[in-house]
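Asks:
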DNA sequence: CCGAATCCTAGAAGATACTG
DNA sequence: CAGTATCTTCTAGGATTCGG
């Protein structure tokens, strides 16, 4: 896999290199959800960024969008199979981050105070 | 873990939410390396972004920087223990991306052509 | 209720020149 | 060799307004 790093990291950044994608994937991991509920759960995301991020996820085949034939219209979003396996993979990073929160915090504090002295 | 998503995703984006961090971590995963070699291997990164990204990694305790007492000075960068466990976690996403490249590509093509029609 | 369109600003990132 | 400093460009993302 070594030789594919550049291309793969570019692809990954294209997938989740923005501010909200990861949060939305995790939120949708709790179940299919409508636009407004998603907006509440992923607060403080703006409508614009919610729409924009959802379009990106849809484009990558990670999220399925279905318009319910009601009035007023309701739109439901759900992870696809691809989205679910992605969530599983992403959970590993999430768990790592949780497990190492204190060490990360300590490293930052140490680095910052050392820099302040200089 | 569910309730920690917002905070964790923010933390993750702080760690690897920029353009070059992931690539550098992967590159350093192949072994300790000097500035110039790193710059070559992570091409086309600029000196500025290389320095800046390395400082960030150092700050997070993921990379160790050591100045060799030679003339001209040589500086070697290496993953710390924390950096290595992070790399392991990140590899899962990397592998997922590799395994699903075709499906991702197909989803994008399909989405884009559907949009073009409209 | 869901989302498109527009405007605007902060910060990311590239290019270039210079230093111990 | 390994940076720092400055300048410019570009784009992500927030605020707001409007439409079906």
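Chains as they are written, first to last, in full-length UniProt numbering: chain A, 1 to 118; chain B, 1 to 118. Ideal placement from N, C-alpha and C gives every residue a C-beta, glycine not left out. The model shown is predicted, which means the values in this text are computed figures rather than measured ones.
So, is residue 97 (chain B) buried or exposed, given that buried needs 16 or more other C-beta atoms within 10 angstroms?
Replies: Looking up residue 97 (chain B) in the second chain gives position 97. Buried, since its Cβ has 16 or more Cβ neighbours within 10 Å.
Asks: Label residue 31 (chain B) either buried or exposed according to how many other C-beta atoms from any shown protein chain fall within 10 Å of its C-beta, with 16 as the threshold for buried.
Replies: As a working mapping, residue 31 (chain B) is identified with position 31 in the second chain. Burial call: exposed.
Asks: What does residue 27 (chain A) touch in chain B if you count any residue whose Cβ is under 8 Å from its own?
Replies: The sequence position of residue 27 (chain A) within the first chain is 27, counting from 1. Under the 8 Å cutoff, chain B gives 5.
Asks: For residue 34 (chain B), which option in B:11, B:112, B:81, B:54 has the closest C-alpha, if you only look at C-alpha atoms?
Replies: For the purposes of this step, residue 34 (chain B) is identified with residue 34 of the second chain, where counting begins at 1. When each option's Cα is compared against that of residue 34 (chain B), the closest is B:54.
Asks: Which chain B residues sit within Cβ distance under 8 Å of residue 63 (chain A)?
Replies: Stepping through the first chain from its first residue, residue 63 (chain A) is reached at position 63. Simply none; closest approach about 10 Å.
Asks: Near residue 82 (chain B), which residues of its chain fall below 7 Å by C-beta distance, leaving aside the five closest residues on each side in sequence?
Replies: Your numbering for residue 82 (chain B) matches position 82 in the second chain. Residues 61, 62 of the same chain have their beta carbon placed closer than 7 Å to that of residue 82 (chain B), with the five preceding and five following residues left out of the count.
Asks: Tell me, please, which residues DSSP counts as bridged to residue 66 (chain A).
Replies: The residue given as residue 66 (chain A) occupies position 66 in the first chain. Residue 66 (chain A) is bridged to A:76.
Asks: Suppose contacts are defined by Cβ-Cβ distances below 8 Å. Is residue 59 (chain B) in contact with residue 77 (chain B) by that definition?
Replies: By one-based count along the second chain, residue 59 (chain B) stands at place 59. By one-based count along the second chain, residue 77 (chain B) stands at place 77. It is not a contact, given that the beta carbons lie outside the stated cut-off.
Asks: Looking at the C-beta of residue 39 (chain B), does it have a partner C-beta in chain A at a distance below 8 Å?
Replies: Against the second chain, residue 39 (chain B) aligns to sequence position 39. No, residue 39 (chain B) lies away from the interface with chain A (no Cβ there is under 8 Å from its Cβ).
Asks: Which residue wins for smallest C-alpha separation from residue 11 (chain A), given the options B:116, B:29, B:94, B:117?
Replies: As a position in the first chain, residue 11 (chain A) is number 11, starting the count at 1. The residue with the shortest Cα to Cα distance from residue 11 (chain A) is B:94.
Asks: Kindly indicate if chain B contains any beta-carbon less than 8 Å away from that of residue 13 (chain A).
Replies: In the first chain, residue 13 (chain A) corresponds to position 13, counting from 1. Under the Cβ distance rule, residue 13 (chain A) counts among the residues neighbouring chain B, one pair being separated by less than 8 Å.
Asks: Taking a Cβ distance cut-off of 9 Å, strictly less, list which residues of the region 69-96 of chain B are near chain A, in chain order.
Replies: Within the region 69-96 of chain B, the residues whose Cβ lies closer than 9 Å to some Cβ of chain A are 80, 82, 85, 86, 88, 89, 90, 91, 92, 93, 94, 95, 96, listed in chain order.
Asks: Tell me which residue opens and which closes the alpha helix (DSSP H) that residue 89 (chain B) is part of.
Replies: The count along the second chain starts at 1 and reaches residue 89 (chain B) at position 89. Per DSSP, residue 89 (chain B) belongs to the alpha helix (DSSP H) from 81-99.
Asks: Is residue 24 (chain B) closer than 8 Å to residue 6 (chain A) when the C-beta atoms are compared?
Replies: Within the first chain, the letter at position 6 stands for residue 6 (chain A). Within the second chain, the letter at position 24 stands for residue 24 (chain B). No, Cβ-Cβ distance for residue 6 (chain A) and residue 24 (chain B) is not below 8 Å.
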